[in-house]
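S.K.: Numbering-wise, our numbering puts 103 at position 103 of the sequence shown, and it's gapless, one number per residue. The structure that follows is given in the form of structure tokens.
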Amino acid sequence: MSEAYYDGDCGVFCDNCAPAGAETMGDGEADYPMHCDECGRPLDYSMTEEGVKYAINEMKETLKTGRKEYLKASQCLKYYKGCPQVDITRDWAGDLIWYNLPDEQERFIKKFLSWTEYQIEKELRK
Ligand SMILES: [Zn+2]
């Protein structure tokens with residue numbers, strides 16, 4: 001995760017890619033997980049309730065599709081290039097674990113992290 005920067009022209013960036021003169025976005029909330037426009041690195045920016053729902057739905061989708069590469073991973077530019085979708089959703093989950101969420105959502109996110117960790121370990125042992 002990186003702090004989020006914007007260039008005043010709708011672009012959002014990580015600290016590696018922020019163009020000269022870009023300013024930090026400070027505290028705020030977004031309705032979806034934010035990624036750097038340039039490299040796709042996840043940005044440290046709070047999600048609204050809608051954003052949390054979106055991320056949890058993507059985690060559920062990830063569990064259904066398994067570890068196979070998924071369209072969104074390739075759309076996520078070089079930071080995730082060649083990574084399976086699960087790497088992206090695990091990063092979101094790792095961020096959401098610090099939110100003060102309702103018990104049901106928090107339980108799901110913890111389960112998601114341990115299920116996917118187990119799957120990844122199993123895959124690596126093959
Ligand atoms: Zn970047």
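Positions of the beta carbon are idealized from the N, C-alpha and C atoms, including for glycine.
Can you tell me where the alpha helix (DSSP H) holding I97 begins and where it ends?
M.R.: Stepping through the sequence shown from its first residue, residue 97 is reached at position 97. From DSSP, I97 is part of no alpha helix (DSSP H); its letter is neither H nor E.
S.K.: With a 10 Å radius around its C-beta and 16 neighbouring C-beta atoms as the bar for buried, classify M47 as buried or exposed.
M.R.: Translated into the one-based positions of the sequence shown, residue 47 becomes position 47. M47 comes out buried.
S.K.: Give a single yes or no on whether E38 has its beta carbon closer than 7 angstroms to a heavy atom of ligand 1.
M.R.: Locating residue 38 in the sequence shown gives position 38, where the first residue counts as 1. Indeed, a heavy atom of ligand 1 lies less than 7 angstroms from the Cβ.
S.K.: In chain order, what residues of the same chain have a beta carbon less than 7 angstroms from the beta carbon of D44, not counting five sequence neighbours either side?
M.R.: By one-based count along the sequence shown, residue 44 stands at place 44. Closer than 7 angstroms at the Cβ level, and outside the excluded window around D44, lie M1, S2, E3, A4.
S.K.: Please determine, among R90, K78, N57, E50, the residue with the shortest C-alpha to C-alpha distance to I116.
M.R.: Position 116 of the sequence shown, counted from the start, is the residue given in the question as residue 116. In the sequence on display, residue 116 carries Thr and not Ile. Measuring from the Cα of T116, the nearest candidate turns out to be R90.
S.K.: Measure the alpha-carbon distance for K111 versus E58 and round it to whole angstroms.
M.R.: Counting from 1 along the sequence shown, the entry for residue 111 is found at position 111. Counting from 1 along the sequence shown, the entry for residue 58 is found at position 58. Their backbone Cα atoms lie some 14 angstroms apart in a straight line.
S.K.: My guess is that T6 and A22 are in contact by the Cβ rule of under 8 angstroms, so how many angstroms apart are they, rounded?
M.R.: Looking up residue 6 in the sequence shown gives position 6. Looking up residue 22 in the sequence shown gives position 22. For the sequence presented, residue 6 should be read as Tyr rather than Thr. Correct: roughly 6 angstroms between the Cβ atoms.
S.K.: Taking 7 angstroms as the cut-off, is the C-beta of C10 nearer than that to any heavy atom in ligand 1?
M.R.: The count along the sequence shown starts at 1 and reaches residue 10 at position 10. No.
S.K.: Given a threshold of 16 other Cβ atoms within 10 Å of its Cβ, counted over all protein chains shown, does W92 qualify as buried or as exposed?
M.R.: By one-based count along the sequence shown, residue 92 stands at place 92. Flag for W92 reads buried.
S.K.: Starting from Y45, trace the alpha helix (DSSP H) both ways and give me its first and last residue.
M.R.: Translated into positions along the sequence shown, residue 45 becomes position 45. Segment: none, Y45 is in no alpha helix (DSSP H) and carries neither H nor E.
S.K.: Between which residues of its own chain and G11 is the CB-CB distance below 6 angstroms, once the five residues before and five after are set aside?
M.R.: Position 11 of the sequence shown holds residue 11. Result list for G11: D37, in chain order.
S.K.: Between which two residues does the alpha helix (DSSP H) containing Y32 stretch?
M.R.: Translated into positions along the sequence shown, residue 32 becomes position 32. Premise fails: Y32 is in no alpha helix (DSSP H) and is neither H nor E.
S.K.: In three-state terms, what does DSSP make of E38?
M.R.: In the sequence shown, residue 38 corresponds to position 38, counting from 1. Coil at E38, not helix or strand.
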